[in-house]
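One structure is given below, encoded as C-alpha cells.
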Amino acid sequence: TQADRLEGVLQLEREALVANDDRALDSVARDKDLIVRTLETQERERLHLARALDISPGPAPMHAALAEHGAARDAWARCVGVLERCQAINSANGRIVEIKLQNVRTALDLLSGRDMATSATTYGPTGRAARVHSPLTIARA
Numbered sequence: 016t017q018a019d020r021l022e023g024v025l026q027l028e029r030e031a032l033v034a035n036d037d038r039a040l041d042s043v044a045r046d047k048d049l050i051v052r053t054l055e056t057q058e059r060e061r062l063h064l065a066r067a068l069d070i071s072p073g074p075a076p077m078h079a080a081l082a083e084h085g086a087a088r089d090a091w092a093r094c095v096g097v098l099e100r101c102q103a104i105n106s107a108n109g110r111i112v113e114i115k116l117q118n119v120r121t122a123l124d125l126l127s128g129r130d131m132a133t134s135a136t137t138y139g140p141t142g143r144a145a146r147v148h149s150p151l152t153i154a155r156a
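Here it is as C-alpha cells:
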C-alpha cells in the first residue's frame, strides 16, 4: 500500500539524515512527496465516498461503518496503524533535522563571533525571541 511505501521511505529518510547523505535525502524527498500526494488524493476520495454514503469521516464512524465487512475493517485498521507509525517516524526525523539545524546555528554563531555561552535570549516588542551576542576571540583572529 501507499502507507507501507511511506513507512519505508521515512525509514530511509532517517538513515540518510543520520548518515548525512545529501543525495539519498534528495531522492527520498522526491519519493516522499510523490507518495504523500497520492495519499492526499486517496484521502479526498475517501472523504467523497464517506459523504456519498452519509458516513462521518472520523475514526469511530469509519470503524462502525466497516464493522460488518471484516476484510475491509481489518485493512482499514492496518492502514491506520501504519500511518500512525509513519507519523511517529516523521516526528522523530523532524527532531533529527532540528538538532542538526541547531548545531549549524551554533557553528555559525561561533564563526561569526557570537558567544552562545553568554548570549541571553530576550523577547522583543513583537514577542519574538532575540539573542544578545558578544564577540568571541576566534572571530577577531
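If you're matching positions, the sequence shown starts at 16 in my numbering and goes up one per residue.
Ideal Cβ positions, reconstructed from N, Cα and C, are used throughout, including at glycine.
Predicted model, so just to flag it, every value in this text is computed and none were measured.
Worksheet item: According to the neighbour-count rule (16 or more other Cβ atoms, all chains shown, within 10 Å of its Cβ), is alanine 31 buried or exposed?
Response: Residue environment: alanine 31 is assigned as buried (16 or more neighbouring CB atoms within 10 Å of its CB, all protein chains considered).
Worksheet entry | Test item: CB-CB of glutamate 22 and valine 97 under 8 Å | Taking a C-beta distance under 8 Å as the contact criterion, glutamate 22 and valine 97 qualify as a contact pair.
Worksheet item: Which residue spans inside the segment 23–69 form an unbroken beta strand (DSSP E) run of at least 3?
Response: For the segment 23–69, there is no continuous beta strand (DSSP E) assignment of 3+ residues that stays within its boundaries.
Practice prompt. Note down, one range per segment and in chain order, each alpha helix (DSSP H) of at least 4 residues found wholly within the segment 59–121.
Written response: The segment 59–121 contains these whole alpha helix (DSSP H) runs: 74–81.
Worksheet item: Can you give the Cα-Cα distance for threonine 152 and threonine 121, rounded to whole angstroms?
Response: Low confidence applies to threonine 152: its pLDDT is 48, below 50, so where it sits in the model is not reliable enough to give any reading.
Fill in: leucine 25 vs asparagine 105 beta-carbon contact at 8 Å
yes
Item to complete: Whole angstroms is fine: what's the gap from aspartate 46's alpha carbon to glutamine 17's?
Response: Cα to Cα, the separation comes out at about 11 Å.
Fill in: For aspartate 37, the nearest candidate out of Asp124, Val112 and Gly128 (CA to CA)
Val112
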